[in-house]
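Chemist: Okay, here's the structure, questions in a sec.
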Amino acid sequence: MKRKIKTFIGITIGVLLISIAYYFFLEPVNLVTGGVTGLMILFKPILPFEPSVLMYILNISLLIIGLFTLGKDFFLKTCYASVLSPTIILIFEKTLSSDLILKGVNEANWYFISAIVSCVLMAVGLGICFRLNATTGGMDVVQKMMTKYLHIPYSKTMYLTDMVIIFVSGFFIKSTNSIYGIEGVVFGILVVYGIGFIVDYIALDAKSRRTAYIITSKPKEMKDMIFTRTKRGVTECDVRGGYTNNDLVMLICTLDNQEAYKLKDYIHEIDKDAFTFMSQTKEVIGEYD
143 MKRKIKTFIG
153 ITIGVLLISI
163 AYYFFLEPVN
173 LVTGGVTGLM
183 ILFKPILPFE
193 PSVLMYILNI
203 SLLIIGLFTL
213 GKDFFLKTCY
223 ASVLSPTIIL
233 IFEKTLSSDL
243 ILKGVNEANW
253 YFISAIVSCV
263 LMAVGLGICF
273 RLNATTGGMD
283 VVQKMMTKYL
293 HIPYSKTMYL
303 TDMVIIFVSG
313 FFIKSTNSIY
323 GIEGVVFGIL
333 VVYGIGFIVD
343 YIALDAKSRR
353 TAYIITSKPK
363 EMKDMIFTRT
373 KRGVTECDVR
383 GGYTNNDLVM
393 LICTLDNQEA
403 YKLKDYIHEI
413 DKDAFTFMSQ
423 TKEVIGEYD
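For the sequence shown, the numbering used here assigns the number 143 to the initial residue and increments by one for each residue that follows.
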């Protein structure tokens, strides 16, 4: 139950941040960054109702398609976010002006400010949801269907669907004397890649560690040092030198990045001849802390 409550709170915070990014930073300048929010901005001029209504229609339609194509489990995981996102935006539409924040900024800087702030807000919101193994709904259905039926890696489908929407937006959102809205397209692409970079850090790199592999002739002293100075566990493997045929022991230990830097000096104190190499570990699952 605690895990479920934590997941729902995390999804709520994530969707709220994404909704704030859309309503207060993307919509006022018509900056398209892909997804359902991008379609809302594209169709806004011809809509006979509020954009949030279109989001309800798109999200619920995609949700039903996902139920039949991706299964009940995906439907249940996506249902909450799919309804929550347009609901938050609808509340904003009824209570607050979309240019509430940007009207205090020089209009010449609107695109720049909108791109930076929306990138950070959306990336943090998505990163929170990804870390909880949750989904925000909407275009996720299309992306997962492409992965399932077209065998395209999910990471690529995310960029593919967003890029198509961004490039199409250039024909519809442009200045008076322009044939193609290149400025909005360029900023949209930068935002998408910025989001990907930040999400990757939040979902993976923020949990990254260093794993040390220590081949030594003094395994007992080395283990005692790791236990007492770093308080970390150790995995022990028997190894043999390919050239010398000497039997040695390899110790494997995963640590925080700061601890890994200190460990190098500790190893040198115990065994100056120890062969040590360290690798970046993207994520640690299981009993670590």
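Quick reminder that beta carbons are idealized off the backbone N, C-alpha and C, glycines included.
List the residues that DSSP assigns as beta-bridge partners of threonine 418.
Modeler: Its beta-bridge partners are Ile356.
Chemist: Looking only at DSSP bridge pairs, what is arginine 351 linked to?
Modeler: Paired residue(s): Thr423.
Chemist: Tell me, which residues are paired with glutamate 378 by DSSP?
Modeler: Leu393.
Chemist: Assuming asparagine 201 is part of the alpha helix (DSSP H), what are its boundary residues?
Modeler: Looking at the DSSP string, the run of the alpha helix (DSSP H) that includes asparagine 201 is 193-212.
Chemist: Anyone know if the C-beta pair for asparagine 201 and serine 240 falls short of 8 Å?
Modeler: No. Outside cutoff.
Chemist: Hey, leucine 159 and valine 266 are a contact pair by Cβ (cut 8 Å); roughly how many whole angstroms apart?
Modeler: Their Cβ separation, rounded to whole angstroms, is 6 Å, which keeps leucine 159 and valine 266 in contact under 8 Å.
Chemist: Just tell me which of Ile409, Ile233, Asn399 has its CA closest to the CA of lysine 424.
Modeler: For lysine 424, the nearest C-alpha among the options comes from Asn399.
Chemist: For alanine 416, I'd like the list of residues in its chain whose CB is within less than 6 Å of its CB, leaving aside the five on either flank, ordered along the chain.
Modeler: Ile356, Thr358, Ile409, listed in sequence order.
Chemist: Between which two residues does the alpha helix (DSSP H) holding lysine 373 run?
Modeler: Premise fails: lysine 373 is in no alpha helix (DSSP H) and is neither H nor E.
Chemist: Quick test of your reading: leucine 173 and glycine 338, contact by CB under 8 Å. State the CB separation rounded to the nearest angstrom.
Modeler: That pair is no contact at about 17 Å.
Chemist: Quick one, which of Tyr222, Ile412, Thr396 has its alpha-carbon nearest valine 422's?
Modeler: The question names valine, but residue 422 is glutamine in the sequence shown. The shortest Cα separation from glutamine 422 among Tyr222, Ile412, Thr396 belongs to Thr396.
Chemist: Which class does serine 317 belong to by DSSP, given the choice of helix, strand or coil?
Modeler: Residue state, collapsed to three classes: coil.
Chemist: I need the straight-line Cα distance from methionine 287 to arginine 371, nearest angstrom please.
Modeler: Their backbone Cα atoms lie some 49 Å apart in a straight line.
Chemist: Contact defined as beta carbons within less than 8 Å: I believe isoleucine 258 pairs with tyrosine 164. What is the distance between those atoms, to the nearest angstrom?
Modeler: 15 Å between Cβ atoms; not a contact.
Chemist: Using C-beta distances below 6 Å, list every residue in its chain close to tryptophan 252, excluding the 5 sequence neighbours before and after it, in chain order.
Modeler: Only Val171, Leu244 meet the Cβ criterion.
Chemist: Going along the chain, which residues of its own chain have a beta-carbon closer than 7 Å to the beta-carbon of isoleucine 155, five neighbours each way excluded?
Modeler: Result list for isoleucine 155: Ile270, in chain order.
Chemist: Once the 5 residues before and after valine 341 are set aside, which same chain residues still bring their CB inside 6 Å of it?
Modeler: Within the same chain, valine 341 has close Cβ partners Ala265, Leu268, Gly269.
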